[in-house]
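Numbering (the UniProt record's numbering), first residue to last: 1 to 371.
Below is one structure, written out as structure tokens, with a few remarks after it.
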């Protein structure tokens with residue numbers, strides 16, 4: 001391990017955002033190597049979500065989530081059409097279960113318009129029943145721009161683009177630590193063939209592991225790192241036919257968008273995620289959590305039968321704000337100026353709508369690093 005491999009650009013993390021960043025840099029002409037600790041790309045957060053293309057309704061106007069979700073959604077639909085990536089613009093309904101929640105829908109409509117989402121509208125219970133006869137509510141907000149996507153095919157397309165522009169993806173290659181040099185970064189990479197790398201640019205897009213990567217770099221100012229919190233979300237699948245052809249969302253809860261009905265491209269329904277603040281990462285789904293799911297779902301689908309839900313999977317949201325702060329928080333995307341080192345960029349808190357925003361996030365990173 002005495003020999004040091006010199007590289008132009010290293011992206012750490014092979015989830016959908018890391019792949020999008022590597023793609024952006026490769027297309028810009030950078031020589032890119034992406035390091036992924038796992039045996040396959042996208043096997044952590046990117047494979048444990050709802051696969052929803054979000055319209056951009058919820059996020060505070062002016063936030064990175066709002067800006068990059070809306071911009072990313074437009075780019076993503078175009079990219080899916082161009083590359084024949086399976087997706088469907090199925091739309092969604094945010095349902096108010098009582099009169100008190102209608103005020104939230106009115107506020108959400110104003111928020112959506114302020115964010116540049118101009119195709120939403122409010123409907124009453126009669127129209128809701130006409131659109132989705134099995135769904136009950138006092139009123140609903142219609143979002144036609146919301147959709148679903150095959151996230152694995154999306155990541156495959158990103159990989160094709162990376163490799164077509166000379167980039168490389170190296171699996172089973174965990175970053176064990178590193179050192180900040182004057183104008184480069186030295187990384188120790190483990191795996192079957194450990195290696196020392198010296199890179200002129202390192203982009204930390206490691207998702208849940210982003211804090212650990214930054215924390216392992218000798219010489220990095222820890223004050224640049226935001227807080228870290230984990231919000232676990234469980235999903236339950238539905239046996240039987242889906243009750244709606246659109247995605248159905250309740251009024252949100254702190255830390256998430258509530259237990260919603262989402263669909264895959266085959267029309268199979270699943271519900272989730274809920275929110276559980278945890279200290280450590282684990283993906284077990286406690287079947288007892290179904291009790292709360294039944295209660296939450298029956299607020300908008302009262303005919304859900306007992307025993308119809310089965311544990312499916314769970315995911316972890318990397319958050320920069322914990323429950324005491326309301327569980328929200330924005331994306332944190334730091335270029336060299338924010339990290340304090342000319343060769344280092346880092347992304348933290350890239351949760352939903354990270355998949356939707358992935359191309360716009362990558363474009364922003366490219367600008368910050370001068371690609």
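Backbone N, C-alpha and C fix where the C-beta goes; we use that ideal spot for every residue, glycine too.
Treat the numbers as computed from the prediction; the structure is a model and nothing was measured.
One Cα belongs to residue 186, the other to residue 133, and the distance between them is close to 60 Å. The C-alpha of residue 85 lies about 19 Å from the C-alpha of residue 69.
For residue 189 against residue 175, the beta-carbon gap comes to about 6 Å, under 8 Å, which counts as contact. Just measuring C-alpha positions, the residue of 315, 352, 143 sitting nearest residue 116 is 143. With contacts defined by Cβ atoms closer than 8 Å, residue 273 and residue 235 form a contacting pair.
Listed in chain order, the non-local C-beta contacts of residue 23 below 6 Å within the same chain comprise 158, 161, 162, local neighbours out to five positions each way being set aside. In this structure, the straight-line span from the alpha carbon of residue 95 to that of residue 243 is close to 14 Å. Of the candidates 311, 150, 349, 98, the residue whose Cα lies closest to the Cα of residue 317 is 349. Around the C-beta of residue 314, 16 or more other C-beta atoms lie within 10 Å, and the residue is accordingly described as buried. Approximately 4 Å separates the beta-carbon atoms of residue 46 and residue 15; this is inside 8 Å, confirming the contact. DSSP lists 272 as the bridge partner or partners of residue 260. Annotated three-state conformation of residue 8 is strand, per DSSP. Here residue 124 really is in contact with residue 139; their C-beta atoms are around 6 Å apart, less than 8 Å.
Sequence-distant Cβ neighbours of residue 21 in its own chain, meaning closer than 6 Å and more than five residues away, are 11, 203, 205, 362, 365. DSSP places residue 18 within a helical segment (H, G or I) once states are collapsed to three. Per DSSP, residue 69 is one residue of the alpha helix (DSSP H) stretching across 64 to 83. Straight across, the Cα-Cα distance linking residue 97 with residue 136 is about 7 Å. Our two residues, residue 36 and residue 130, have alpha carbons roughly 48 Å apart in a direct line.
If you compare the alpha carbons of 31, 193, 89, 58 with that of residue 107, the shortest gap goes to 58. Using a Cβ distance threshold of 8 Å, residue 146 and residue 91 count as a contacting pair. Assignment of residue 121 by DSSP, reduced to helix, strand and coil, places it in the strand class. Taking a C-beta distance under 8 Å as the contact criterion, residue 104 and residue 275 do not qualify as a contact pair. Rounded to the nearest whole angstrom, the C-alpha separation of residue 265 and residue 240 is 15 Å. Using a 10 angstroms sphere on the CB of residue 67, the tally of other CB atoms reaches 16 or more, which defines it as buried. Going by beta carbons, residue 323 and residue 277 fall inside the 8 Å limit.
Its Cα nearest to that of residue 309, the residue 271 stands out among 271, 328, 338, 284. In this structure, the straight-line span from the alpha carbon of residue 32 to that of residue 26 is close to 6 Å. With contacts defined by Cβ atoms closer than 8 Å, residue 54 and residue 356 form a contacting pair. Just measuring C-alpha positions, the residue of 353, 13, 345, 101 sitting nearest residue 329 is 353.
Within the region 291 to 322, the runs of beta strand (DSSP E) that reach at least 3 residues and sit entirely inside it are, in chain order, 309 to 319. Sixteen is the threshold: since fewer than 16 other Cβ atoms of the shown chains lie within 10 Å of the Cβ of residue 181, the residue is exposed. By the criterion of a C-beta distance shorter than 6 Å, residue 228 is surrounded in its chain by 211, once the five residues flanking it on both sides are discounted.
Setting aside the 5 residues that flank it on each side, residue 77 is surrounded in the same chain by 53, 87, 89, 147, each with a C-beta closer than 8 Å to its C-beta; the list follows chain order. Between the beta-carbon of residue 370 and that of residue 224 there is about 19 Å, and that puts the pair past the 8 Å contact cut. Between residue 230 and the set 279, 220, 100, the nearest pair of CA atoms involves 279. Here the alpha carbons of residue 34 and residue 359 stand approximately 16 Å from one another.
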